[in-house]
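Below is one structure, written out as structure tokens; the observations come after it.
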Amino acid sequence: LWRASGITSEFQLYCTTSGTLVFAALMLFAGWFRYHKATSKLAWFQDVESILNHHFLKK
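In our numbering, the protein residues as written are 1127 to 1185.
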């Protein structure tokens, strides 16, 4: 199965697995950051001037 993907040694399999786990951890952190830290606060949506600036200043 791995040979069809181009992996021909145990070391390549180990490196691929390690890289995949690091990438999965990075994506898990990115999802947590996006939904818990980088989201806009409710006060921003209630401020009409901020909303108008967001839409009118877009290029």
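Ideal Cβ placement from N, Cα and C applies to all residues, glycine included. These numbers come from a predicted model, not from an experiment.
Secondary structure at residue 1169: helix, using DSSP grouped into helix, strand and coil.
In the three-state reduction of the DSSP assignment, residue 1127 falls in the coil class. For residue 1182, same chain residues with a beta-carbon under 8 Å away, outside a window of 5 residues either side, do not exist. In the same chain as residue 1139, and ignoring 5 residues on each side of it, the C-beta atoms closer than 7 Å to its own belong to 1128 and 1133, in chain order.
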